[in-house]
Structures are given as C-alpha cells and as structure tokens.
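In what follows, a single structure is set out as structure tokens and then discussed.
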Amino acid sequence: MRQVRSRDGTTIAYDQLGEGPPVILVDGAFCSRSFGPMPKLAPLLARSFTVFMYDRRGRGDSGDTAPYAVEREIDDLDALIREAGGSAFVYAMSSGAALALEAAASRLNITKLALYEPPFMVGNPAHVPPADHQAQLVRLVAEGRRGDAVKFYMKDIIGMPGWLVTVFRILPMWSKLKAVARSLPYDSAVMGDFSLPAKRAAILTIPTLVLCGEKTMPVLRAAAQRLSEVVPGARLRTLPGQTHNVAAAALAPVLKEFFAP
C-alpha cells in the first residue's frame, strides 16, 4: 500500500502495479481497492500500463475529512494524477464514472477517459431514486445503522427488488458492504438528482469512450447512449453478454485498445 495526501490533508491509499503509461481506476459505490471489480481488472491492465488502484475517501485505508464535498473527491483524483507524473488515463465505473466525468470537466489533466455505465436517469426510467436520498443516507449513517444504509441504497436508490436485498444480507459479502456504508452518502452526493449533466459533458475535449453491457438494465444503456451523444467526439461501445457487473476479462482488452498510445 502507498499513500498520497490530498489538498485538504486527507490521506488517500492506493496500490501501484505494472509499468507503462499511467491508468487510474475509479470505483463506484460499495467498492474499494480490495473489494469489487478493480482488483481483478488491475492485474490485466498492469501488463501494459502503470495502474493506480485507490480507496476513495471514507473507505478502505483512505482517510475521511469532514465536511464532505464532491470537489474534495476531485482533489483526491488530482493528487493521484500528480503522483502518476502529472497526467493519466482514467477508467471509472458506475457512480465513479459520474465523478470522473465531473473531474474531466473540471480540467484535471486526464488525457483519455473511459466510463462504464454511469447511472444517470434519462428518458422514463422504471425506477427513480427519492429526492431526499442523500439526506436519508446521512441520517442512517449518523445513527450507526450501516446495514439499513446499505439496504436503502440497494432498494430505494438502485431499485433492487426487496427479496434480492434479503439474499444479500445472508451472504458473506454483507459485512464488506456494511464496512463501506459510511461512504454511501458520498456516492449519493456525486449523483445529485441523477440527471445527466449534459452541459458539463459537452465541454470535454479529450478522447472519451463510453461503455455499457449488452445485458445491463435499459436505463443504463440509455444513459450510455445519451452520454456518448453529448460528449464531443465520444465513442460508444457495448460489451456482448455483459451486465453492470462487467467481467474483467471482457473489459480489459477494450481498455487496452482505447488507452494504447
């Protein structure tokens, strides 16, 4: 484990693998550098790149300085970019993709950007998160009800069926989900009202690849399609057979091709 200090003094933990042009991986909700999709993806990319896999603030081995602001998470990513040499490619998924999109619009020195299924609400989605989702999460976390915060995020924000949430509660991974529950309000803040930030996306000037899975939820496919239309010069690519839980083996070759010098 390595560490870098963000602008507000928060310590951000990261792992560095491989050699080559730097690629920074940005997780979505619930995930960290030890849990989720990135630990499987990073070694595959490390054959061609120097990969930076980090714990977003409030999870894993990273610090957490109050008060939270999305701008502080952008500072965290900027600190990693500086640690990588001053510029980097970025791959981000889910709410992390929304964060990376805003970071790129904020003119961080991201030279190529790949985004997998940022969960923006476009069209007429079957499920819409409640307007006060962030306030509810903040309250649950403040009351120490981490399990309830995880349940709320899964059921009320993501729209997962109640029976499936019940199944998750009896799986061994439930304890890992609860361990990062205090950072769920941060993902909620990143997403805001879940609308696609078209004006911010339209100012991007870097090569951008928008990705989605063939078998993912229709709302996520629609969001990817729309995002690829508003980012100037962006490309959309659909990965055959994939869902929101994209397989590293299916994703890595696509990212290697896109990030190739």
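In the working numbering, the protein residues as written are 175 to 435.
Glycine included, each C-beta is placed from N, C-alpha and C at the ideal position.
As the structure is a prediction and not an experimental result, all values here were calculated from the model.
**Straight-line gap, residue 362 to residue 308 (C-alpha atoms, nearest Å)** = As a first step, residue 362 must be located in the sequence shown, where it is residue number 188. As a first step, residue 308 must be located in the sequence shown, where it is residue number 134. If you draw a straight line from the Cα of residue 362 to the Cα of residue 308, it is about 5 Å long.
**Chain-order list of residues whose beta-carbon lies under 7 Å from that of residue 372 (same chain, five-residue window excluded)** = For the purposes of this step, residue 372 is taken as residue 198 along the sequence shown, with counting starting at 1. Contacts found: 404.
**Message:** If I measure Cβ to Cβ from residue 350 and keep anything under 6 Å in the same chain, skipping five residues before and after, which residues do I get?
**Reply:** Numbered from 1 along the sequence shown, position 176 holds the residue referred to as residue 350. Hits under 6 Å: 209.
**Asked** DSSP on residue 391, reduced to helix/strand/coil?
**Response** As a first step, residue 391 is located in the sequence shown; it is residue number 217 there, counting from the start. In the structure shown, the three-state DSSP call for residue 391 is coil.
**Message:** Quick check on residue 242: does DSSP put it in helix, strand or coil?
**Reply:** Indexing the sequence shown from 1 puts residue 242 at position 68. Coil, per DSSP.
**Asked** Does the beta carbon of residue 373 fall short of 8 Å from some heavy atom of the ligand FAD?
**Response** This structure lacks the ligand FAD; in fact it carries no ligand of any kind.
**Message:** Assuming residue 340 is part of the alpha helix (DSSP H), what are its boundary residues?
**Reply:** Counting from one through the sequence shown, the residue named residue 340 turns up at place 166. For residue 340, the enclosing alpha helix (DSSP H) starts and ends at 336-343.
**Message:** Our contact map puts residue 226 next to residue 258 with C-beta atoms below 8 Å; I'd like the distance itself, whole angstroms only.
**Reply:** Indexing the sequence shown from 1 puts residue 226 at position 52. Indexing the sequence shown from 1 puts residue 258 at position 84. Confirmed, Cβ separation roughly 6 Å.
**Request:** Give the single residue among 428, 301, 388, 264 whose Cα lies nearest to the Cα of residue 195.
**Result:** Here residue 195 corresponds to residue number 21 of the sequence shown, with the count starting at 1. If we check each option's Cα against that of residue 195, 264 comes out closest.
**Neighbourhood of residue 310 by C-beta, 8 Å cutoff - its chain only, sequence neighbours within 5 removed** = Residue 310 sits at position 136 when you count from the first residue of the sequence shown. Cβ within range, chain order: 304, 326, 330.
**Prompt:** Under the rule that 16 or more other beta-carbon atoms within 10 Å means buried, what is residue 423, buried or exposed?
**Reply:** The residue labelled residue 423 in the question sits at position 249 within the sequence shown. With fewer than 16 Cβ atoms within 10 Å of its Cβ, residue 423 is classed as exposed.
**Item:** Terminal residues of the beta strand (DSSP E) in which residue 263 lies
**Value:** Here residue 263 refers to the residue found at position 89 of the sequence shown. Where residue 263 is concerned, the enclosing beta strand (DSSP E) stretches over 262-267.
**Message:** Taking 9 Å as the threshold (C-beta atoms), are residue 370 and residue 408 in contact?
**Reply:** Counted from its first residue, the sequence shown places residue 408 at position 234. Counted from its first residue, the sequence shown places residue 370 at position 196. 9 Å or more divides the Cβ of residue 408 from the Cβ of residue 370.
**Prompt:** Taking buried to mean at least 16 other C-beta atoms within 10 Å of its own C-beta, is residue 426 buried or exposed?
**Reply:** Position 252 of the sequence shown, counting from 1, holds the residue named residue 426. With 16 or more other CB atoms across the displayed protein chains lying within 10 angstroms of its CB, residue 426 is buried.
**Message:** I'd like to check one pair, residue 204 with residue 294: are the Cβ atoms closer than 9 Å?
**Reply:** By one-based count along the sequence shown, residue 294 stands at place 120. By one-based count along the sequence shown, residue 204 stands at place 30. Taking 9 Å as the cut-off, the beta carbon of residue 294 is found no closer than this to the beta carbon of residue 204.
**Request:** Could you have a look at residue 326 and say whether DSSP puts it in helix, strand or coil?
**Result:** Here the question's residue 326 lines up with position 152 in the sequence shown. The DSSP-derived three-state label of residue 326 is helix.
**Prompt:** With respect to the beta strand (DSSP E) encompassing residue 411, which residues constitute its N-terminal and C-terminal limits?
**Reply:** Here residue 411 is taken as the residue at index 237 of the sequence shown, counted from 1. For residue 411, the enclosing beta strand (DSSP E) has its first and last residue at 409-413.
**Prompt:** What are the start and end residues of the alpha helix (DSSP H) that includes residue 219?
**Reply:** Looking up residue 219 in the sequence shown gives position 45. Its alpha helix (DSSP H) spans residues 212-219.
**Counted within 10 angstroms of its Cβ, other Cβ atoms place residue 286 as buried (16 or more) or exposed** = Position 112 of the sequence shown, counting from 1, holds the residue named residue 286. It counts as buried.
**Asked** The alpha helix (DSSP H) with residue 288 in it runs from where to where?
**Response** As a first step, residue 288 must be located in the sequence shown, where it is residue number 114. Element bounds for residue 288: not the alpha helix (DSSP H) but the beta strand (DSSP E), 284-290.
**Short Cβ contact (9 Å threshold) for residue 401 with residue 314** = On the sequence shown, position 227 is the one that residue 401 refers to. On the sequence shown, position 140 is the one that residue 314 refers to. Contact: no.
**Prompt:** What separation, rounded to the nearest whole angstrom, lies between the Cα atoms of residue 280 and residue 393?
**Reply:** Taking the first residue of the sequence shown as position 1, residue 280 is located at position 106. Taking the first residue of the sequence shown as position 1, residue 393 is located at position 219. One C-alpha to the other measures close to 26 Å.
**Message:** Tell me the DSSP secondary structure of residue 177 in three-state form.
**Reply:** The count along the sequence shown starts at 1 and reaches residue 177 at position 3. It is a strand residue.
**Item:** First and last residue of the uninterrupted beta strand (DSSP E) at residue 199
**Value:** Counted from its first residue, the sequence shown places residue 199 at position 25. Run containing residue 199: 196-200, per the beta strand (DSSP E) assignment.
**Message:** Measuring only the C-alpha atoms, how far is residue 398 from residue 359?
**Reply:** Mapped onto the sequence shown, residue 398 falls at position 224. Mapped onto the sequence shown, residue 359 falls at position 185. Between the C-alpha atoms of residue 398 and residue 359 there is a straight-line separation of about 24 Å.
**Prompt:** Contact check, residue 420 vs residue 211 under 8 Å by CB: the rounded distance?
**Reply:** As a first step, residue 420 must be located in the sequence shown, where it is residue number 246. As a first step, residue 211 must be located in the sequence shown, where it is residue number 37. Between residue 420 and residue 211 the beta-carbon gap is near 7 Å, inside 8 Å, which marks them as a contact.
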